[in-house]
Structures are given as structure tokens and as C-alpha cells.
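Residue numbers (the working numbering), protein chains in the order written: chain A, 1 to 355; chain B, 1 to 355.
By construction, the Cβ of each residue, glycine as well, lies at the ideal position given by its N, Cα and C atoms.
This structure is a prediction, so every number in the text was calculated from the model and none was measured.
Number of protein chains: 2
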Amino acid sequence: MTLTGPVEVVGTGLLGTSLALACTAAGLDVLLSDVSAEHVRTASGLGAGRAKQPGDRAQVVVVAVPPDHLGPVIASILTETAGTDTVVTDVGSVKAAPLAVVADHPEAARYVGSHPMAGSERSGPLAGHAALFEGRPWAITPHLGSDDAAVELVEELVRLTGAVPVWLTPDEHDRAVARTSHVPHLMAALVAGRLAEAPEAYLNLSGQGVRDVTRVAAGDPRLYAQIVTGNRDAVLDLLGEVREQLDAAITAIGSGDRGGLEEILTRGNVGTRAIPGKHGGPARPMASVWVTIADEPGQLATLFADAVETRISVEDIRIDHDPSRPVGLVELVVDETHADTLLEALAAKNWVAHR
Amino acid sequence: MTLTGPVEVVGTGLLGTSLALACTAAGLDVLLSDVSAEHVRTASGLGAGRAKQPGDRAQVVVVAVPPDHLGPVIASILTETAGTDTVVTDVGSVKAAPLAVVADHPEAARYVGSHPMAGSERSGPLAGHAALFEGRPWAITPHLGSDDAAVELVEELVRLTGAVPVWLTPDEHDRAVARTSHVPHLMAALVAGRLAEAPEAYLNLSGQGVRDVTRVAAGDPRLYAQIVTGNRDAVLDLLGEVREQLDAAITAIGSGDRGGLEEILTRGNVGTRAIPGKHGGPARPMASVWVTIADEPGQLATLFADAVETRISVEDIRIDHDPSRPVGLVELVVDETHADTLLEALAAKNWVAHR
Chain A
1 MTLTGPVEVV
11 GTGLLGTSLA
21 LACTAAGLDV
31 LLSDVSAEHV
41 RTASGLGAGR
51 AKQPGDRAQV
61 VVVAVPPDHL
71 GPVIASILTE
81 TAGTDTVVTD
91 VGSVKAAPLA
101 VVADHPEAAR
111 YVGSHPMAGS
121 ERSGPLAGHA
131 ALFEGRPWAI
141 TPHLGSDDAA
151 VELVEELVRL
161 TGAVPVWLTP
171 DEHDRAVART
181 SHVPHLMAAL
191 VAGRLAEAPE
201 AYLNLSGQGV
211 RDVTRVAAGD
221 PRLYAQIVTG
231 NRDAVLDLLG
241 EVREQLDAAI
251 TAIGSGDRGG
261 LEEILTRGNV
271 GTRAIPGKHG
281 GPARPMASVW
291 VTIADEPGQL
301 ATLFADAVET
311 RISVEDIRID
321 HDPSRPVGLV
331 ELVVDETHAD
341 TLLEALAAKN
351 WVAHR
Chain B
1 MTLTGPVEVV
11 GTGLLGTSLA
21 LACTAAGLDV
31 LLSDVSAEHV
41 RTASGLGAGR
51 AKQPGDRAQV
61 VVVAVPPDHL
71 GPVIASILTE
81 TAGTDTVVTD
91 VGSVKAAPLA
101 VVADHPEAAR
111 YVGSHPMAGS
121 ERSGPLAGHA
131 ALFEGRPWAI
141 TPHLGSDDAA
151 VELVEELVRL
161 TGAVPVWLTP
171 DEHDRAVART
181 SHVPHLMAAL
191 VAGRLAEAPE
201 AYLNLSGQGV
211 RDVTRVAAGD
221 PRLYAQIVTG
231 NRDAVLDLLG
241 EVREQLDAAI
251 TAIGSGDRGG
261 LEEILTRGNV
271 GTRAIPGKHG
281 GPARPMASVW
291 VTIADEPGQL
301 ATLFADAVET
311 RISVEDIRID
321 HDPSRPVGLV
331 ELVVDETHAD
341 TLLEALAAKN
351 WVAHR
């Protein structure tokens, strides 16, 4: 089967509208529907497609509704399209719960779940963009009864957006996101919660570390409560492990057992190295070069121009602002073997830099 | 009293050597000592100062030895300099534990603790740099018996390095770093530890969020075990709170109590906003603009040049690499009110960008 459209998008929020825009840009006919007629008008006005009319029939239906509604909406679309070869997928952030609703449906073979690792701090159709999925992992999670042809069509849709397919079963997916997303989010919220209760003066000691650890905790509490409770079992299993390790850390610190504490910290070390590196290769040892700049955008551009001349690839950048002066520290993360060369080259251009 | 030197640095590791370099650069006479004569030779060779000779007398002694040795070393220096007005400070990451060793010393008035919020993934004198403290918060933690003149001299030393003084009592300091550094580090390690045990395929779903949460867990386990156990009481108090909140989260998720979970997540929201913003002002609402670039350093520089033309100040930057293709996503964080303008300007220059 080849993806020729029409593609129907049910739910014209951030993800739905972005997908619709990507499909439209690829020349496909896109049908839009939403419980909010205004959202459909907005998405349509952005060029995401046209409002679905009675009689329109889609080749693929993408369900992009909030997690709570996924199962029932997928089931009702399978029922409406009974007897056709319309493929149904969804972009929800949990996969076992909606599948449980749909699994016994007589038309379930036409359903293949999926989940793009993309988002934004904004929501609604106006936040949509055709490039949202560009370069992002997109999990495709066929169930045991999914038709091969349906799976292939969903893969085609994923590739059309510029996303990178990652193959997992629905259960594997949920356990994976519990580990790489839901539990990290919850723990970030617990750490950030302790800051909410701190005297203001204490927070003046905040550095890049605590900012990094807590950043994701700025996400919408209602949405994340919905996502996390939707992945109840996988999240609870992992939180049980975290609690066990937390107890072990408390015991080790309380009894002055440094070896026990080091063991826990070493496991964390190993974990940071397990996250895939650039382009899927193993993570290489990185080093940071710190540069002091006057806090003006022009400085940053000049710094980059100078860094580029070295032909050393900058893997990551962070900007740390002086809490009380118009000065910023820019951290350039590069391959460890290139850090000294970069440092010397920047110093030669009169930058105040150090490793 | 005015800082005229000599400044003696005891312990020529990363912090000691960096401080010595900053003092030398400011024209002060710097005396170096270390249990390792080789470290002194290395630091001296870098221009950090000269090896301390019998008969040399310092105006300020800075103790920059590992946390375990702080108290005894400070006490023995106070004894050696009995009857002089030599001021003694230290740069250790915990403040109550060394003070407990020193508090009853008859010369304790000449001791004022301090702690610069600076470091590196490297250690030893070769990693030292005069600019290490530039723009960093540096806690100054006088005890009740500290002489005013001694406190002023330590403040002068801190300002000389370009750091920003933050005034706290030793106990406040320890409770502050437990919250902003030690507990975030431990929780990052617990999250990262779960990744160490994950099937490799799961980690392909890792996004920027989990990388941010776990980044600090890459730090040296031996050093952090020493720091954390040195701040035992403050860390245990907070870990008790974290454990209580973790239990509350587990109960809420297990019983489907979304309101309870939302409450925990909302407290995290509040906490992320409590971290001081740029230049100490309140944190302003920020927004991200995502730009897709070919993964070449030249692209980054061109993007910066284009961003600079908009005259919008870029507050933070992150680079997210496609796990399987030579493409990167650059996240430009700007004031929320400027995000659309930046987006339009970049689109006009043919960048594939979205919010």
C-alpha cells in the first residue's frame, strides 16, 4: 500500500494540526475534524486541510485527542469504517491503555498505535507547525493482530513528517516512556517542589545543575497527570524501584556508608552514558569549554564565528547568566579530544575562556 | 583592612590553582602549598604563584583541600598563625562540618568560611583557570564569632575573582546547597540509574527532557559521596521530604487520584519559577523557537548571525541531535513576547523553524 491520502486528522491541537500541515505540504488531501468547530476553522485557515464532510473517506485516520479519549475515539472510528481498508492510528503518549479498549474490536487489525516524541510548551492549532516532527523519534507500536499493510502505511506517514521510526510493542513503549519521560518528569517535579518551599536567599546558590534537573517540571500539571495515570502500571513499577534506591541512599547517608552511596551514584554514572549519543552512535566523552561574554546577542554571534573557524563541531551549548551583572557564561560542549584546541583558539582571539 | 597579599593557597587542585591564578593576575603575591610537591610545581609553572617557604607569612590563607580534611587543616593553620591577624577561609562545599571542628579554637575569630559555586568535570592544577569564578555566586558564611575585618577581607578576595558574594550563615548555606545541589544530584542519579538497567531499544525514545534531568549524574561518585555525607543532616531532612512526596505520588497514581498528583506537579511548577531569573530579576516567561539545521558548525554560525540581526536577546540555546540522521534541532529560548518575531525573521531567511 502506498500513502496517497486522504489523511484524516481527528483532533486539531498541536500534534494534529502539525501532522496535517506536514501532510498538506507533501501534497496529500487532508480532512480535519474536532469537537471544536473553531479549532477546525483555525487549522484549516492555517492551510492544514479542509473540514471533513459527510461522505469523505480517508485512507488513514490519525487520532490526536487527549489521552483519556483515545480508546473510545479509536473504537468508534473502527466501527464507522467497518468493511473498508481505512487504517487507523493515534499519536497518544501511552499505548497499552487505548489498545485495551480496542483489542477485542472486530476491526482491530486496521489499528496501529504510534507516538511521536515531539511537543511544545504551547498547545492548540495555532501552535502547529509542519516541521514539528522533523528529526524526532516516532514510536510505531503494532499489536499482535495489526495488518502488515496497515503497519507499512503508518511507517510511510511517519517518514513523510521527517521523523525517525522506532519499533516497539505497546507494552515496551509504555515501559520505555515511563523510564525516559514519565519518571524523570515526576522526579524533576519532586526536586522542584523542594525549591518552591525554600527561602529566597537559598536559591541564589542555584547553578546550571538544578536548572537542568528541574526544567521539565515546568510542564502543564493537568496534562502530565493525565499522561502518568494513563501509564499507571509501568510508572508504579519504576517508582517502586526509585523508592527502594532512595531508601538505600537514605540508609547509606544516615549510617555514613560511603561505599553504598558511591554504588548508587556509580549506577547513575552508567545511566548517563547509556543515553544514545549523536546520530545513534555510542555517547563519546565530551568536555566543556566555558567562555565569559558580555550579555549582548552580538557577542554570541562573534563567539560562534570564532568557534566555527576552528572547524570543531560544537555538540551542545548552554548559557548561564550571572545573577547580578550583565555578563553571561557560555558553555560549549565538544568532543573531549578537541577541547584544548578550541580553548587555545578562543584564547588567541582574546576570549576569556577556560575548561 | 585591604587585601594586599600575600595570599596563601593550601591545596593546589582545580579551585585552589584557579584562585591562585586570579590573585596573581590581580598583582598579589601568592604562596602555594600542597601535600603533593608535584602539584605545587605544576601550579607554580602555570604562573599561579610560588612555593611557600618557611618564614613566609600570608595576609589570607585559603584552604582548598578535599571536604574530609577541611576542619583539621583549618584548625592547624589557626594554631600555626596564633597571635597574628592572618585571616583563614576555605572553599569547601559544606560549611557546618568544618566549623564544628574549628568553632572552639581560641583563634576562631580569624576564620570565615566560603564556597564558590564553580567547578568543572576536570580536577587538578592543570584544570585551573583565573576565570573559573567569573560571574559565579560565591557564598560567604561568617560564624557568630568571625571578626568583621576578616569577613571584609574575604569579601574583597571573592570580588577580586569576579564572583558574586552571597551572604548566608553556615547552617543556611548547608541547607541551601542540600536543596539546590546535593538532593538534585542524588535524584538525577536515581533517575539515571533506572536508565542503566533499561533495554537499549527503550533509550531510543530519550529526548531532551531526560538528558537534562540526568546530566549532573555524570559527576564523580567518590567526590559526591564525600560532599553528600559531609552535609548529612540537611540532606537527610530533605530526602525525608522527597520520600514523603514520592509516597504521596505513588498513592495518587495507584488510586487514580489525579487531583493529588496534579497538586504535586503544580508544586514543581512553582519551584521552577522560584529559581532566580537572569540578573537576579524574577524569571520572565520564556518561549522556545526550534530550528532544523544540517549538522555542520557553519550552519550554527549562520543561524546565529541571522538571529543577531533581529536584535532579540537569546537567553538560552540547546542542541538536540537526530539519533539517526545528520540533522540537528536547535532550540533558541527567548522572551515569550519576542518568539513570534524571531520565528518570522528566521522563516524569512529560509530556516525551517517552529515554536
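Notebook entry, point to check: Which runs of the beta strand (DSSP E) spanning at least 3 residues fall entirely within the segment 237-308 of chain B, listed in chain order?
Noted result: Entirely contained in the segment 237-308 of chain B, the beta strand (DSSP E) runs reaching 3 residues are, in chain order, 286-294.
Check: When you compare only the Cα positions, how much space is there between residue 287/B and residue 193/A?
Finding: Position 287 of the second sequence, counted from the start, is the residue given in the question as residue 287/B. Position 193 of the first sequence, counted from the start, is the residue given in the question as residue 193/A. In a straight line, the C-alpha of residue 287/B is about 22 Å away from that of residue 193/A.
Margin query: Strictly below 9 Å CB to CB, what residues from chain B border residue 229/A?
Written below: Along the first sequence, one-based indexing puts residue 229/A at 229. Simply 252, 253, 256, 257, 258, 261.
Check: In the DSSP assignment, what residue or residues form a beta bridge with residue 114/A?
Finding: In the first sequence, residue 114/A corresponds to position 114, counting from 1. Answer is 140/A.
Notebook entry, point to check: Buried or exposed: residue 106/B, going by 16 or more other Cβ atoms within 10 Å of its Cβ?
Noted result: Taking the second sequence and counting its residues from 1, the one referred to as residue 106/B is at position 106. That one is exposed.
Margin query: I need the DSSP call for residue 89/B, collapsed to helix, strand or coil.
Written below: Counting from one through the second sequence, the residue named residue 89/B turns up at place 89. Looking at residue 89/B - three-state DSSP - the assignment turns out to be strand.
Check: In three-state DSSP terms, what is residue 39/B?
Finding: Counting from one through the second sequence, the residue named residue 39/B turns up at place 39. Assignment of residue 39/B by DSSP, reduced to helix, strand and coil, places it in the helix class.
Next item on the list: Run the CB neighbour count on residue 269/A, radius 10 Å, all protein chains shown included, and call it buried at 16 or more, exposed below.
Entry: Looking up residue 269/A in the first sequence gives position 269. Counting every other CB atom within 10 Å of its CB across the protein chains shown gives residue 269/A a total of 16 or more, marking it as buried.
Notebook entry, point to check: Can you name the residues of chain B whose CB is closer than 8 Å to the CB of residue 181/A?
Noted result: Taking the first sequence and counting its residues from 1, one reaches residue 181/A at position 181. Taking the beta carbon of residue 181/A as reference, the chain B residues within 8 Å of it are 205, 207, 209, 210, listed in sequence order.
Note to self: Suppose contacts are defined by Cβ-Cβ distances below 8 Å. Is residue 332/A in contact with residue 310/A by that definition?
What the structure shows: Reading the first sequence from its first residue, position 332 is the one you call residue 332/A. Reading the first sequence from its first residue, position 310 is the one you call residue 310/A. Contact flag unset, no.
Margin query: Since residue 101/A and residue 75/A should fall inside the 8 Å C-beta cutoff, what is the C-beta to C-beta distance between them, to a whole number of angstroms?
Written below: The residue labelled residue 101/A in the question sits at position 101 within the first sequence. The residue labelled residue 75/A in the question sits at position 75 within the first sequence. 6 Å between Cβ atoms; contact.
Check: Beta-carbon separation of residue 115/B and residue 154/B under 8 Å?
Finding: Locating residue 115/B in the second sequence gives position 115, where the first residue counts as 1. Locating residue 154/B in the second sequence gives position 154, where the first residue counts as 1. Contact flag unset, no.
Next item on the list: State the Cα-Cα distance for the pair residue 356/A and residue 294/B, rounded to the nearest angstrom.
Entry: The displayed coordinates of chain A run from 1 to 355. Any statement about residue 356/A would go beyond what the structure contains.
Next item on the list: Sort 261/B, 40/B, 19/B, 328/B by Cα distance to residue 28/B and report the nearest one.
Entry: Sequence index remark: in the second sequence, residue 28/B carries index 28 (1-based). Nearest C-alpha to residue 28/B: 19/B.
Note to self: Please list, in chain order, the chain A residues whose beta carbon lies closer than 7 Å to that of residue 276/B.
What the structure shows: Taking the first residue of the second sequence as position 1, residue 276/B is located at position 276. What residue 276/B touches in chain A: 203, 204, 206, 323.
Next item on the list: Would you verify that the beta carbon of residue 53/A is, or is not, closer than 8 Å to some beta carbon of chain B?
Entry: Taking the first residue of the first sequence as 1, we reach residue 53/A at position 53. Residue contact check for residue 53/A against chain B: no CB pair falls below 8 Å.
Next item on the list: Evaluate residue 340/B with the Cβ neighbour count: other Cβ atoms within 10 Å of its Cβ, from every protein chain shown; 16 or more gives buried, anything less gives exposed.
Entry: Your numbering for residue 340/B matches position 340 in the second sequence. Exposed is the call here.
Margin query: With the cut-off set at 8 Å, would you say residue 9/A and residue 51/A are in Cβ contact?
Written below: What you label residue 9/A is simply residue 9 of the first sequence in a count that begins at 1. What you label residue 51/A is simply residue 51 of the first sequence in a count that begins at 1. For residue 9/A and residue 51/A, no; Cβs fall outside 8 Å.
Note to self: In chain order, what are the residue ranges of uninterrupted alpha helix (DSSP H) at least 4 long that sit wholly in the segment 61-85 of chain B?
What the structure shows: Counting only runs of 4 or more, we get 70-80.
Check: Expressed to the nearest angstrom, what Euclidean distance is found between the alpha-carbon atoms of residue 144/A and residue 301/B?
Finding: Here residue 144/A refers to the residue found at position 144 of the first sequence. Here residue 301/B refers to the residue found at position 301 of the second sequence. The straight-line gap from Cα to Cα measures roughly 48 Å.
Margin query: Closest to residue 225/B by C-alpha separation, out of 258/A, 134/A, 167/A, would be which residue?
Written below: Position 225 of the second sequence holds residue 225/B. Between residue 225/B and the set 258/A, 134/A, 167/A, the nearest pair of CA atoms involves 258/A.
Margin query: For a cutoff of 8 Å on Cβ pairs, would you count residue 350/B as touching chain C?
Written below: Reference to chain C is not applicable here, since the protein chains of this structure are A and B.
Next item on the list: Would you list, in chain order, the members of the segment 133-159 of chain B that have their beta-carbon closer than 9 Å to a beta-carbon of chain A?
Entry: Within the segment 133-159 of chain B, contact with chain A at the beta-carbon level (separation under 9 Å) is assigned to 134, 135, 136, 137, 139.
Check: Counting Cβ pairs, one atom from each stretch, are 3 or more of them under 8 Å apart for the segment 167-186 of chain A and the segment 188-207 of chain B?
Finding: Yes, the segment 167-186 of chain A is in contact with the segment 188-207 of chain B.
Margin query: I'd like the list of long-range same chain contacts for residue 132/A, defined as Cβ closer than 6 Å, with 5 residues on each side in sequence excluded.
Written below: Taking the first residue of the first sequence as position 1, residue 132/A is located at position 132. Hits under 6 Å: 18, 118.
Margin query: Could you check whether residue 184/B and residue 191/A sit closer than 8 Å to each other, using their CB atoms as the reference points?
Written below: Walking along the first sequence from the start, residue 191/A turns up at place 191. Walking along the second sequence from the start, residue 184/B turns up at place 184. Cβ distance < 8 Å, so residue 191/A and residue 184/B count as in contact.
Item checked: DSSP bridge partner residues for residue 230/B (one or two, in chain order) -> Position 230 of the second sequence holds residue 230/B. By DSSP's assignment, residue 230/B forms no beta bridge with any residue.
Margin query: Just verifying my parser: in three-state terms, what is the DSSP assignment at residue 212/A?
Written below: By one-based count along the first sequence, residue 212/A stands at place 212. Residue state, collapsed to three classes: helix.
Notebook entry, point to check: Among residues of its own chain, excluding the 5 on either side of residue 11/B, which ones have a beta-carbon nearer than 7 Å to its beta-carbon?
Noted result: For this step, residue 11/B is matched to residue 11 along the second sequence. These residues qualify, in order along the chain: 34, 63, 64, 65.
Next item on the list: Return no unless some Cβ of chain A is closer than 8 Å to the Cβ of residue 113/B.
Entry: Within the second sequence, the letter at position 113 stands for residue 113/B. No - not a single Cβ of chain A is within 8 Å of the one on residue 113/B.
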